Amino acid sequence: MAVLALLAGSGWPGAPAGEAGPAETDSLAKAGSAHAEWLSYGGTYDEQRHSRLAQINRGNVAKLGVAWTYDLSTGRGVEATPIIADGVMYVTSSWSVLHALDARTGRELWVHDPGVDRAVGAKACCDVVNRGVAIRDGVLFLGVLDGRLQALDAKTGKLIWSVTTVDQTKPYTITGAPRVVKDMVLIGNGGAELGVRGYLSAYDIKDGSLRWRFYTVPNPDKRPDGAASDTALARLANPTWGNRGAWTRDGGGGTVWDAIVYDERNDQVIMGVGNGSPWNADVRDPEGKGDNLFVSSIVAVDADTGHYRWHYQTTPRDNWDYTATQTLILAELPLGPKGTMRRVVMQAPKNGFFYVLDAKTGALLSGDAFVPMTWASGLDARGRPIETKQARYGDTSMLVAPGPLGAHNWHPMAYSPTERLVFIPAQEIPQAMHRDALMATRPVAWNTGVDFSSGFAPRLPEGTLKAVRAMLKGRLIAWDPVARKPRWTVEHEGPWNGGILSTAGGLVFQGTVKGDFVAYEAATGRKLWAMNLKSGIAAPPVTYALDGEQYVTVATGWGTAFALAAGFFFDREVPPKLGRVVTFRLGGNGTIPDPDLPMVERTPKAPAFGTPQMVEAGFLHYARNCAVCHGPLAISSGVLPDLRWSPITADPRQWEEVVLKGSLAGNGMISFARHLTPDEAEAIRAYVLDRANNPTG
Ligand code: CA
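With the sequence shown counted from 1, adding 607 to any position gets you our numbering.
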């Protein structure tokens, strides 16, 4: 049987010996044709992103070449984990568009475009991305950016049912992958940067009827919702919130926008819960001094009912956008009595600590810093972070590390059960933070309570950007969760590199923001193979086998939060962002097509104007309204237009049409008339032209 021959320890020529690994316990893995397919977001229920395939291994990976490529026709963010079932690859792209491809050849079988209104793009904090679909018995499940959940025929792409999972008048979005658990499909949402109340829902896979819902933060009036979370909120969460403040208007945050794992052994769902909204805890909840449960927590609920089982809050009273939504991995580690195996759940959330919890009880087994940090000096005996004095910033700017982009963001980490290593795509992106003096609730705009101009000025001293760039770091950390320290580390050129794939071939695959797709030796971190894919990479690779041939696939294109903000990091050498699926096999001799990118003439289209006071005002309004999409300091990464070189900036009438009248709303650039007066909009134009005409290094 060809498939068996592909597996480690099965005698395939060149397969490393003794890597058969622990016995298979995951029924989804068993169903996956002995690992030849990739049937769920994290590979299996345990979401280790570790494949048993070993045809491609450390002895022959140098012969890896391109089998085929497929153009996703987008320049916006791509974060998808492709799903491979029955010889078909399902890969999502920006705006929740789903592509079905022949996994052998890359030939397009069908495309499903859910037709998202482009104005919804303004609600998406972190680009119009999608991280993938779920599949069960020939039915695909797709979360749509505007909050719909759709069931589609996997053969034809035909819509079976569609439900709206959110209040679409609020700034909810869905970017995450649904998970199928038993006869239910689970989906959360995002929106805590703009102000929503988070929850996880379970829908019946047959007709999309709601089975249960777990709210992660209380109702503003603290009354029951008639939902699965009622008892837990009343008993545990309500007392940790005051009775007034921005949370009672904005929802408090706690969105479940990424990690949702099914712990089959304990028949429970473990979810990662996002940051508080607004970020600034004293704006969010000025009255109480409580922990604001369950923001920034890992929460386990009964799979059938959604009833609370346990929680562990990684960041009590979150103040820094420290989501705990990052990858959750289930594994067996020798951490039980006398070195016996214990089932654990592991996470490396934004706050910079690597946590190992008992999966059944949620008891903290260990929590250790995996990056340098300024906000905490460790965990106390109860497992609470010991905050430093400067952590809770006020009106003066404080450099916070990790910054809100996190020591680890959504890019999935992976775990090798044979090496007993967790591979973390880690980073250092510190951020200066202080309270936003102009804080007010604005329905469709970032609403964090933090001033995004913090640490910057309209004109920076020469050398400032160079110094800031030098602070930003990215690294691949092979973390030993038993020894509680890294076994090896690879330093990258900068932050925001791709998700990870681990294989029984003794390999770890990762793409970089500069477009290098690299295979490392899992045991040592030695680089064994690399190819530049001519586009930045953020998505995690996957692997599968068909007709006796193992393939590795990664989607390129790298929008998302940091990408939108990254212009000042890359300055003149921003890597291209081309949505493309690239598949490799041993001996593949295909090529990556050259990018065909429009040239942007990097020159100001009008002279600077305005008084220094006007430019200063424009700088502040730019930071509050424009920077998260068009880039800090008016330097775009190229995902969205660089306003400095835009002819629209040069023309006051066109500027007004776009900024205040919404003439480009069809592209996602909605009117800011509710947030900016005409004078303020014109001051922003003065600031942008000042930046265009007086660049500083
Ligand atoms: Ca967030």
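For glycine and all other residues, C-beta sits at the position ideal for the given N, C-alpha and C.
The structure displayed is predicted, hence computed values, not measured ones.
In the three-state reduction of the DSSP assignment, D1297 falls in the helix class, which pools H, G and I.
Here G881 is buried, its C-beta having at least 16 other C-beta atoms within 10 Å. Set against 7 angstroms, the gap from the CB of T930 to the closest heavy atom of ligand 1 is smaller.
Inclusion of A799 in the 7 angstroms shell around ligand 1 follows from its C-beta lying nearer than that to a non-hydrogen atom of the ligand. Counting the other CB atoms within 10 Å of its CB gives K896 a total below 16, which places it among the exposed residues. Inter-residue distance for N850 and P827 is about 8 angstroms (C-alpha atoms, whole angstroms).
In this chain, the alpha helix (DSSP H) harbouring R856 covers 853 to 857. Annotation for N882 indicates a beta carbon within 7 angstroms of some heavy atom of ligand 1. The beta carbon of I1084 lies closer than 7 angstroms to those of F977, I1031, A1033, P1093, T1096 in the same chain, with the five residues before and after it left out.
When DSSP states are grouped into helix, strand and coil, Q997 belongs to the coil group.
Sequence-distant partners of V951 (beyond 5 residues in either direction) whose C-beta falls short of 8 angstroms from its own C-beta, in its chain, are L937, A938, E939, L940, L942, V963, L964, D965, A966, L972, P1088. Residue environment for L1240: buried (at least 16 other C-beta atoms within 10 angstroms of its C-beta). Under the DSSP definition of a beta bridge, W717 partners with A707.
DSSP places N1232 in the helix class (H, G or I) of the three-state scheme. A buried status is given to P785, since no fewer than 16 other beta-carbon atoms sit within 10 Å of its beta-carbon. Between the stretch 1273 to 1287 and the stretch 721 to 732 there are three or more C-beta pairs closer than 8 angstroms, enough to call the two in contact. Around the beta carbon of S1244, 16 or more other beta carbons sit within 10 angstroms, so the residue counts as buried. The C-beta distance from P1102 to R656 rounds to 20 angstroms, too long to meet the 8 angstroms contact threshold. The Cβ atoms of L1114 and R743 do not sit closer than 8 angstroms to each other.
About 6 angstroms separates the beta carbon of G1056 from that of W886, a gap short enough to meet the 8 angstroms contact definition. Taken through DSSP and simplified to helix, strand or coil, W1252 comes out as helix. The beta-bridge partner set that DSSP reports for F961 consists of D975.
The way I'd put it, the stretch 836 to 856 does touch the stretch 892 to 912; three or more beta-carbon pairs between them come closer than 8 angstroms.
Contact check for R818 against D811 passes: the beta carbons are separated by less than 8 angstroms.
Residue pairing of Q1157 in beta bridges, as defined by DSSP: A1152. Around W768, the same chain offers Q757, A758, D814, G815 as residues with beta carbons nearer than 8 angstroms, after the five sequence neighbours per side are excluded. Across the structure, L935 and V824 are spaced so that their CA atoms are roughly 20 angstroms apart. Considered as a whole, the stretch 819 to 907 harbours 853 to 857, 888 to 891 as its complete alpha helix (DSSP H) runs of no fewer than 4 residues, in chain order. With respect to the C-alpha of I993, the residue from M948, E1035, R924 having the closest C-alpha is R924. Under DSSP, Q920 shares a beta bridge with S904. The C-alpha of A1293 lies about 52 angstroms from the C-alpha of Y869. In the three-state reduction of the DSSP assignment, S701 falls in the helix class, which pools H, G and I.
Distances from the CA of T712 to each of V1189, Y1229, M953, E1208 were compared; the closest alpha carbon is that of V1189.
By the Cβ rule, the stretch 670 to 678 counts as touching the stretch 1197 to 1204, because three or more pairs are nearer than 8 angstroms.
In this chain, the alpha helix (DSSP H) harbouring P1259 covers 1259 to 1266. In chain order, F1059, S1060 place their CB closer than 6 angstroms to the CB of A1230, counting only its own chain and leaving out the 5 sequence neighbours on each side.
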